[in-house]
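In this note's numbering, the protein residues as written are 188 to 584.
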């Protein structure tokens, strides 16, 4: 069994804070500062450019990709790190469209993260008027998987409510209709077990600064199924995706397999921070994480509903149908969340009225849940949110 008391001690959590926002930005492992210091001072500082070879910087995107592969059920050698999630969405969808050249429609849902939709909007506009993005309600996705759809692009776990799509069932249905799949795992990787290989997903992407704790601006990852790895053309044909980047060939030749999905220079300092987190994740079994996550979320729902009648559950009640977060609706949700943050319970707000709380068993336990609900009850019962300073919107909500 995963030792959650041991993993909790490995995170640098501020005294007096109950951090329920790891689904937006994960807290820092205690080892991160030293790991990054070592990379800065001992590698960059002493080795300078020779660090690309001596410190193995060039190999880190695939080496760390293999460590993440374990958490998302991917085959070794088919995940690579780099760039941002938006870039990886663009790469995956563009490559998926080329694998299905007789069709022109990308199907997604209105619960998807807006940035994913923005990237595809831009892509289809560049491809021309024959291409289109079709957005339907989450519960209507299955009914719209038709024989004119080229690509199904979905985020497995809804960023607002935590509602979870059935990856296996939708992928099977998509393949039966000749549709290529792209899954965004931003709220799945490190939150719940994922089985990309077992589900026969075609492409997947995800970020690492949420549940995987790589820090603000941490690198994204992309997965390409083995059957597509040497056939998928990288739409963003970057230098480091070339088969031989240091031959300085003026004509692009894609690298082998997942290597072709590399674009720009690896973010070495952020990858060092991610390595410190992955040392903790290597100690965790995803089945244990999922079981404890559901237990903590269920406890949170039970306690909040019993003590805070003004809050309305926005997440699925059945733990199997949601990710590792719980959302409640409240008409003054932003102000209420600011009042909670002022008292040391950190969640976040998503328009128009969603108060989000994330639960990562690596550093959140039952005592944290009960203590958080005590504060939530006080804020709601005594309307402590009803102050002008809590109603002024910050740039980041």
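Quick reminder that beta carbons are idealized off the backbone N, C-alpha and C, glycines included.
| Item | Value |
| --- | --- |
| Spatial distance of residue 441 from residue 429 (CA atoms) | 5 angstroms |
| Residue nearest to residue 498 in terms of C-alpha spacing, selected from 567, 432 and 509 | 567 |
| Straight-line Cα distance separating residue 449 from residue 333 | 32 angstroms |
| Cβ-Cβ distance between residue 371 and residue 393 below 8 angstroms | yes |
| Cβ pair residue 398, residue 209 closer than 8 angstroms | yes |
| Exposure of residue 548, with buried meaning 16 or more beta-carbon neighbours within 10 Å | buried |
| Residues bridged to residue 393 (per DSSP) | 408 |
| Inter-residue spacing [alpha-carbon to alpha-carbon] between residue 512 and residue 279 | 26 angstroms |
| Under 8 angstroms between C-beta atoms of residue 463 and residue 254 | no |
| From 477, 252 and 302, residue whose alpha carbon lies closest to that of residue 446 | 252 |
| Distance between beta carbons of residue 552 and residue 195, contact taken as under 8 angstroms | 7 angstroms |
| Among 489, 555, 220 and 344, the one whose alpha carbon lies nearest that of residue 378 | 344 |
| Environment of residue 237 [buried if 16+ CB atoms lie within 10 Å] | exposed |
| Residue 499 in three-state terms, based on DSSP | strand |
| Residue interval of the alpha helix (DSSP H) (run including residue 567) | 553-568 |
| In chain order, each alpha helix (DSSP H) run of at least 4 residues that lies wholly inside the region 468-543 | 473-494 and 520-529 |
| Backbone secondary structure at residue 341 - three-state DSSP | strand |
| Residue 189 vs residue 475 beta-carbon contact at 8 angstroms | yes |
| 4-residue-minimum alpha helix (DSSP H) runs that sit fully inside the region 265-324, ordered along the chain | 272-285 and 301-314 |
| 6 angstroms Cβ shell around residue 298 - same chain, five flanking residues per side excluded | 325 and 345 |
| Three-state secondary structure assigned by DSSP to residue 336 | strand |
| Own chain partners of residue 423 with C-beta closer than 6 angstroms, once the 5 adjacent residues on each side are dropped | 278 and 450 |
| Closest residue to residue 356 among 489, 317, 386 and 336 (Cα-Cα distance) | 386 |
| Which of helix, strand or coil DSSP assigns to residue 206 | strand |
| Contact under 8 angstroms by Cβ, residue 265 with residue 453 | no |
| Residues near residue 427 in its chain [Cβ-Cβ closer than 6 angstroms; skip 5 each side] | 449 |
| Per-residue burial, residue 420 [other beta carbons within 10 Å of its own, 16 or more giving buried] | exposed |
| Nearest-angstrom Cα separation, counted from residue 515 out to residue 143 | This structure does not reach residue 143, given that the chain is present from 188 up to 584, and the question cannot be answered. |
| Status (buried if at least 16 other CB within 10 Å, exposed otherwise) for residue 374 | buried |
| Cβ-based neighbour list, residue 273, same chain, cut-off 7 angstroms, excluding 5 preceding and 5 following | 302 and 306 |
| C-beta contact flag for residue 530 and residue 481 at 8 angstroms | no |
| Unbroken stretches of the beta strand (DSSP E), 3 residues or longer, contained in the region 189-270 | 266-268 |
| Simplified DSSP assignment, three categories, for residue 370 | strand |
| Proximity winner among 319, 317, 367 and 363, relative to residue 341 (alpha-carbon distances) | 367 |
| Start and end residues, alpha helix (DSSP H) containing residue 362 | 354-363 |
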